[in-house]
Amino acid sequence: MSDLPANLSSPPVAPPGDLDRIADLVRSSERMSVFTGAGISTESGIPDYRGPNGVWARQAIPHIDTIRTDRDARIEHWQDRRRRYPEMAARIPNTGHEAIAGFEAAGRLLAVITQNIDGLHQKAGNSDDRVIELHGSTHVIRCTKCGRTWSGEEIQRRLEAGEEDPRCPVCGGVLRTGTVLFGEALPERALRTAHAVAQATDLMLVVGSSLVVNPAARLPIIAKDAGARLVIINQSSTPIDDLADVRVEASAGEALSGIATRVSMEDRQANDD
(Lines of atoms letter the chains of each structure in order from A and count residues from 1; the text may use other names and numbers.)
(Lines give C-alpha, C1' and ligand atoms only; values in the text may rest on other atoms or scores of the structure.)
Protein backbone atom coordinates (compact mmCIF):
# COMPACT_ATOMS: atom_id res chain seq x y z
CA MET A 1 0.00 0.00 0.00
CA SER A 2 1.31 3.44 -0.90
CA ASP A 3 2.28 5.85 1.84
CA LEU A 4 0.05 8.87 2.12
CA PRO A 5 1.63 12.26 1.44
CA ALA A 6 3.16 13.75 4.56
CA ASN A 7 0.86 16.76 4.55
CA LEU A 8 -2.11 14.47 5.25
CA SER A 9 -0.77 13.42 8.66
CA SER A 10 -2.39 16.41 10.40
CA PRO A 11 -4.67 18.25 7.97
CA PRO A 12 -6.12 21.62 8.94
CA VAL A 13 -9.49 21.53 10.66
CA ALA A 14 -12.36 23.21 8.83
CA PRO A 15 -13.88 26.11 10.81
CA PRO A 16 -17.45 25.14 11.78
CA GLY A 17 -18.76 28.55 10.73
CA ASP A 18 -17.43 28.07 7.21
CA LEU A 19 -19.05 24.65 6.97
CA ASP A 20 -22.33 26.19 8.12
CA ARG A 21 -22.10 28.79 5.35
CA ILE A 22 -21.36 26.15 2.72
CA ALA A 23 -24.23 23.98 3.94
CA ASP A 24 -26.56 26.95 3.55
CA LEU A 25 -25.30 27.46 -0.02
CA VAL A 26 -25.88 23.77 -0.80
CA ARG A 27 -29.42 23.86 0.57
CA SER A 28 -30.30 26.97 -1.43
CA SER A 29 -28.74 25.68 -4.66
CA GLU A 30 -30.84 24.26 -7.47
CA ARG A 31 -27.99 23.30 -9.83
CA MET A 32 -25.04 22.32 -7.68
CA SER A 33 -21.84 20.93 -9.21
CA VAL A 34 -18.61 19.58 -7.75
CA PHE A 35 -15.14 19.85 -9.32
CA THR A 36 -12.64 17.39 -7.84
CA GLY A 37 -8.89 16.99 -8.09
CA ALA A 38 -6.31 14.57 -6.73
CA GLY A 39 -6.70 15.88 -3.18
CA ILE A 40 -9.99 14.07 -2.66
CA SER A 41 -8.45 10.70 -3.51
CA THR A 42 -5.23 10.95 -1.49
CA GLU A 43 -7.39 10.08 1.52
CA SER A 44 -8.13 6.77 -0.22
CA GLY A 45 -4.40 6.10 -0.54
CA ILE A 46 -4.01 7.26 -4.14
CA PRO A 47 -0.99 9.55 -4.63
CA ASP A 48 -1.45 13.01 -6.07
CA TYR A 49 0.46 14.10 -9.17
CA ARG A 50 3.02 16.63 -7.99
CA GLY A 51 3.98 15.68 -4.44
CA PRO A 52 7.12 13.75 -3.48
CA ASN A 53 5.05 10.56 -3.51
CA GLY A 54 3.05 11.65 -6.53
CA VAL A 55 2.32 9.82 -9.74
CA TRP A 56 4.83 11.84 -11.76
CA ALA A 57 7.56 11.07 -9.21
CA ARG A 58 6.79 7.33 -9.13
CA GLN A 59 6.14 6.45 -12.76
CA ALA A 60 6.52 7.83 -16.25
CA ILE A 61 3.31 8.62 -18.12
CA PRO A 62 3.99 7.60 -21.75
CA HIS A 63 3.57 9.80 -24.80
CA ILE A 64 0.76 8.77 -27.14
CA ASP A 65 3.13 8.51 -30.12
CA THR A 66 5.34 6.11 -28.16
CA ILE A 67 2.37 3.87 -27.39
CA ARG A 68 1.34 3.81 -31.04
CA THR A 69 4.76 3.10 -32.56
CA ASP A 70 7.21 1.59 -30.05
CA ARG A 71 6.48 -2.03 -29.15
CA ASP A 72 9.26 -2.25 -26.55
CA ALA A 73 7.94 0.85 -24.81
CA ARG A 74 4.42 -0.62 -24.86
CA ILE A 75 5.64 -3.83 -23.29
CA GLU A 76 7.34 -1.84 -20.52
CA HIS A 77 4.18 0.23 -20.04
CA TRP A 78 1.90 -2.83 -19.84
CA GLN A 79 4.19 -4.63 -17.41
CA ASP A 80 4.23 -1.56 -15.18
CA ARG A 81 0.44 -1.46 -15.35
CA ARG A 82 0.20 -5.18 -14.59
CA ARG A 83 2.04 -4.53 -11.32
CA ARG A 84 0.20 -1.33 -10.37
CA TYR A 85 -3.39 -1.80 -11.50
CA PRO A 86 -4.52 -4.24 -8.76
CA GLU A 87 -3.53 -1.68 -6.14
CA MET A 88 -5.55 1.04 -7.87
CA ALA A 89 -8.54 -1.25 -8.42
CA ALA A 90 -8.60 -2.16 -4.73
CA ARG A 91 -8.93 1.43 -3.50
CA ILE A 92 -12.24 2.36 -1.93
CA PRO A 93 -14.07 5.69 -1.69
CA ASN A 94 -13.60 7.85 1.39
CA THR A 95 -16.07 10.06 3.23
CA GLY A 96 -15.57 12.85 0.69
CA HIS A 97 -16.64 10.66 -2.22
CA GLU A 98 -19.54 9.34 -0.15
CA ALA A 99 -20.75 12.85 0.66
CA ILE A 100 -20.79 13.79 -3.03
CA ALA A 101 -22.69 10.60 -3.88
CA GLY A 102 -25.14 11.55 -1.15
CA PHE A 103 -25.74 14.92 -2.79
CA GLU A 104 -26.75 13.10 -5.97
CA ALA A 105 -28.97 10.66 -4.08
CA ALA A 106 -30.74 13.64 -2.51
CA GLY A 107 -31.40 15.15 -5.93
CA ARG A 108 -29.06 18.10 -5.38
CA LEU A 109 -26.28 17.36 -7.85
CA LEU A 110 -26.06 18.53 -11.44
CA ALA A 111 -22.71 16.84 -12.13
CA VAL A 112 -19.28 15.92 -10.82
CA ILE A 113 -16.39 17.18 -12.93
CA THR A 114 -13.23 15.32 -11.97
CA GLN A 115 -9.56 15.44 -12.90
CA ASN A 116 -9.13 11.99 -11.37
CA ILE A 117 -8.88 8.70 -13.24
CA ASP A 118 -9.60 6.35 -10.33
CA GLY A 119 -13.35 5.81 -10.69
CA LEU A 120 -13.97 6.36 -6.97
CA HIS A 121 -16.93 8.67 -7.55
CA GLN A 122 -18.75 5.84 -9.32
CA LYS A 123 -17.70 3.36 -6.65
CA ALA A 124 -19.20 5.67 -4.03
CA GLY A 125 -22.53 5.69 -5.85
CA ASN A 126 -22.46 8.53 -8.36
CA SER A 127 -24.01 7.47 -11.66
CA ASP A 128 -21.84 7.35 -14.77
CA ASP A 129 -23.89 10.00 -16.53
CA ARG A 130 -23.28 12.46 -13.68
CA VAL A 131 -19.48 12.03 -13.63
CA ILE A 132 -17.41 13.91 -16.21
CA GLU A 133 -13.89 12.43 -16.29
CA LEU A 134 -11.68 15.10 -17.83
CA HIS A 135 -8.59 12.89 -17.87
CA GLY A 136 -10.35 9.63 -18.69
CA SER A 137 -10.46 6.46 -16.61
CA THR A 138 -7.79 3.93 -15.74
CA HIS A 139 -10.54 1.28 -15.67
CA VAL A 140 -11.10 1.56 -19.43
CA ILE A 141 -8.83 0.22 -22.20
CA ARG A 142 -9.38 1.43 -25.76
CA CYS A 143 -8.25 0.29 -29.19
CA THR A 144 -6.35 3.01 -31.06
CA LYS A 145 -7.62 1.65 -34.39
CA CYS A 146 -11.33 0.78 -34.07
CA GLY A 147 -12.13 2.59 -30.82
CA ARG A 148 -13.72 -0.38 -29.06
CA THR A 149 -13.28 -0.48 -25.29
CA TRP A 150 -12.68 -3.15 -22.66
CA SER A 151 -12.60 -3.10 -18.90
CA GLY A 152 -9.33 -2.75 -17.07
CA GLU A 153 -10.03 -6.04 -15.32
CA GLU A 154 -10.32 -7.93 -18.63
CA ILE A 155 -6.99 -6.64 -19.91
CA GLN A 156 -5.42 -7.26 -16.50
CA ARG A 157 -6.36 -10.94 -16.83
CA ARG A 158 -4.66 -11.08 -20.21
CA LEU A 159 -1.52 -9.45 -18.83
CA GLU A 160 -1.41 -11.83 -15.89
CA ALA A 161 -1.86 -14.73 -18.32
CA GLY A 162 1.42 -13.71 -19.96
CA GLU A 163 0.51 -11.33 -22.81
CA GLU A 164 3.21 -8.70 -23.17
CA ASP A 165 1.63 -6.42 -25.78
CA PRO A 166 -2.13 -7.11 -25.79
CA ARG A 167 -3.91 -6.27 -29.03
CA CYS A 168 -7.53 -5.60 -29.91
CA PRO A 169 -9.27 -8.99 -30.31
CA VAL A 170 -11.55 -7.51 -32.98
CA CYS A 171 -9.23 -5.64 -35.35
CA GLY A 172 -5.72 -6.37 -34.03
CA GLY A 173 -5.08 -2.70 -33.27
CA VAL A 174 -2.80 -1.35 -30.56
CA LEU A 175 -4.49 -1.00 -27.17
CA ARG A 176 -3.99 1.93 -24.83
CA THR A 177 -5.30 3.03 -21.46
CA GLY A 178 -8.41 5.20 -21.35
CA THR A 179 -6.52 8.01 -19.61
CA VAL A 180 -5.08 11.13 -21.20
CA LEU A 181 -1.44 10.56 -22.15
CA PHE A 182 1.29 13.09 -22.78
CA GLY A 183 0.84 14.63 -26.20
CA GLU A 184 -2.96 14.45 -26.03
CA ALA A 185 -5.59 17.09 -25.43
CA LEU A 186 -8.43 16.50 -23.00
CA PRO A 187 -11.32 14.51 -24.50
CA GLU A 188 -13.39 16.98 -26.50
CA ARG A 189 -16.75 15.58 -25.44
CA ALA A 190 -15.87 15.60 -21.74
CA LEU A 191 -14.50 19.13 -21.90
CA ARG A 192 -17.53 20.38 -23.84
CA THR A 193 -19.91 18.82 -21.30
CA ALA A 194 -17.90 20.27 -18.42
CA HIS A 195 -18.11 23.74 -19.98
CA ALA A 196 -21.88 23.39 -20.24
CA VAL A 197 -22.11 22.39 -16.57
CA ALA A 198 -19.90 25.32 -15.53
CA GLN A 199 -22.15 27.73 -17.39
CA ALA A 200 -25.36 26.22 -15.98
CA THR A 201 -24.44 25.60 -12.33
CA ASP A 202 -25.46 28.00 -9.58
CA LEU A 203 -22.97 26.58 -7.04
CA MET A 204 -19.62 24.92 -7.70
CA LEU A 205 -17.65 23.20 -4.95
CA VAL A 206 -13.98 22.84 -5.90
CA VAL A 207 -12.46 20.03 -3.84
CA GLY A 208 -8.84 18.91 -3.68
CA SER A 209 -7.54 20.67 -6.78
CA SER A 210 -4.58 23.03 -7.05
CA LEU A 211 -6.27 24.65 -10.08
CA VAL A 212 -3.03 25.12 -11.98
CA VAL A 213 -3.59 22.84 -15.00
CA ASN A 214 -5.53 24.40 -17.86
CA PRO A 215 -7.99 24.13 -19.48
CA ALA A 216 -9.61 22.32 -16.54
CA ALA A 217 -8.56 25.01 -14.08
CA ARG A 218 -10.63 27.57 -15.96
CA LEU A 219 -13.92 25.79 -15.31
CA PRO A 220 -14.49 27.33 -11.84
CA ILE A 221 -13.77 30.76 -13.36
CA ILE A 222 -16.35 30.10 -16.08
CA ALA A 223 -18.87 29.13 -13.41
CA LYS A 224 -18.14 32.25 -11.36
CA ASP A 225 -18.38 34.50 -14.42
CA ALA A 226 -21.77 32.93 -15.21
CA GLY A 227 -23.08 33.90 -11.78
CA ALA A 228 -22.43 30.79 -9.69
CA ARG A 229 -21.34 30.83 -6.07
CA LEU A 230 -17.86 29.33 -5.70
CA VAL A 231 -16.54 27.28 -2.78
CA ILE A 232 -12.92 26.07 -2.65
CA ILE A 233 -11.92 23.24 -0.30
CA ASN A 234 -8.20 22.46 -0.47
CA GLN A 235 -5.24 21.98 1.85
CA SER A 236 -3.21 24.66 0.08
CA SER A 237 -3.88 27.90 -1.74
CA THR A 238 -5.03 28.10 -5.36
CA PRO A 239 -4.61 30.88 -7.94
CA ILE A 240 -8.30 31.82 -7.73
CA ASP A 241 -8.86 31.86 -3.97
CA ASP A 242 -9.86 35.52 -4.16
CA LEU A 243 -12.85 34.57 -6.36
CA ALA A 244 -14.28 32.15 -3.80
CA ASP A 245 -17.38 33.00 -1.79
CA VAL A 246 -16.08 30.59 0.84
CA ARG A 247 -12.62 29.03 1.05
CA VAL A 248 -11.83 26.24 3.50
CA GLU A 249 -8.34 24.89 4.15
CA ALA A 250 -9.07 21.33 5.23
CA SER A 251 -9.06 17.74 4.06
CA ALA A 252 -11.75 16.90 1.53
CA GLY A 253 -13.28 14.11 3.57
CA GLU A 254 -13.53 16.09 6.78
CA ALA A 255 -15.01 19.16 5.10
CA LEU A 256 -17.46 17.37 2.80
CA SER A 257 -18.73 15.00 5.47
CA GLY A 258 -19.24 17.97 7.79
CA ILE A 259 -21.17 19.83 5.09
CA ALA A 260 -23.30 16.78 4.26
CA THR A 261 -24.13 16.24 7.94
CA ARG A 262 -25.23 19.86 8.33
CA VAL A 263 -27.35 19.74 5.18
CA SER A 264 -29.10 16.55 6.34
CA MET A 265 -29.77 17.97 9.81
CA GLU A 266 -31.20 21.19 8.39
CA ASP A 267 -33.37 19.23 5.95
CA ARG A 268 -34.76 17.11 8.79
CA GLN A 269 -35.46 20.18 10.90
CA ALA A 270 -37.25 21.85 8.00
CA ASN A 271 -39.39 18.75 7.45
CA ASP A 272 -40.24 18.56 11.16
CA ASP A 273 -41.36 22.19 11.09
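With the working numbering applied, the sequence shown covers 36 to 308. Note that the Cβ used here is the ideal one computed from N, Cα and C, for glycine as well. Just so it is clear, the structure is predicted and the values come from calculations on it, not from any experiment.
The secondary-structure analysis by DSSP pairs residue 98 across a beta bridge with 217. In this structure, the straight-line span from the alpha carbon of residue 248 to that of residue 254 is close to 11 Å.
Its Cα nearest to that of residue 145, the residue 237 stands out among 222, 217 and 237. The Cβ atoms of residue 214 and residue 170 sit closer than 8 Å to each other. Annotation for residue 168: the continuous beta strand (DSSP E) segment containing it runs 166–168.
Straight-line spacing of the CA atoms in residue 196 and residue 76 works out to 30 Å. Ranked by Cα distance from residue 235, the options 65, 287 and 135 are led by 65.
In this chain, the beta strand (DSSP E) harbouring residue 173 covers 171–178. For residue 268, the enclosing beta strand (DSSP E) has its first and last residue at 264–268. Between residue 96 and residue 199, the CB-CB gap reaches or exceeds 8 Å.
A residue is called buried when at least 16 other Cβ atoms come within 10 angstroms of its Cβ; residue 149 meets this threshold and is buried. Taking the CA atoms as reference points, residue 204 sits about 43 Å from residue 291. For residue 61, the three-state secondary structure derived from DSSP is helix. About 5 Å separates the Cβ atoms of residue 218 and residue 98, confirming a contact at the 8 Å cut-off.
The DSSP-derived three-state label of residue 212 is strand. In terms of Cβ geometry, residue 74 and residue 270 form a close pair [threshold 8 Å]. As the crow flies, the alpha-carbon of residue 157 is around 30 Å from that of residue 305. Between the stretch 277–285 and the stretch 115–128, the count of C-beta pairs closer than 8 Å stays below three; the two stretches do not touch. Between residue 139 and residue 162, the CB-CB gap stays under 8 Å. In the displayed model, residue 148 falls within a strand according to three-state DSSP. Taken in chain order, the complete beta strand (DSSP E) segments of 3 residues or longer contained in the stretch 102–151 are 144–149.
Residue 127 counts as exposed, since fewer than 16 other C-beta atoms from the protein chains shown sit within 10 angstroms of its C-beta. Classified as buried, residue 287 has 16 or more neighbouring CB atoms from the shown chains inside 10 Å of its CB.
In the three-state DSSP reduction, residue 282 falls in the strand class (E or B). Shown here, residue 228 sits in a helix according to DSSP, grouped into three states. When DSSP states are grouped into helix, strand and coil, residue 246 belongs to the coil group. With contacts defined as CB atoms closer than 8 Å, residue 179 and residue 103 qualify as a contacting pair. For residue 242 against residue 131, the beta-carbon gap comes to about 7 Å, under 8 Å, which counts as contact.
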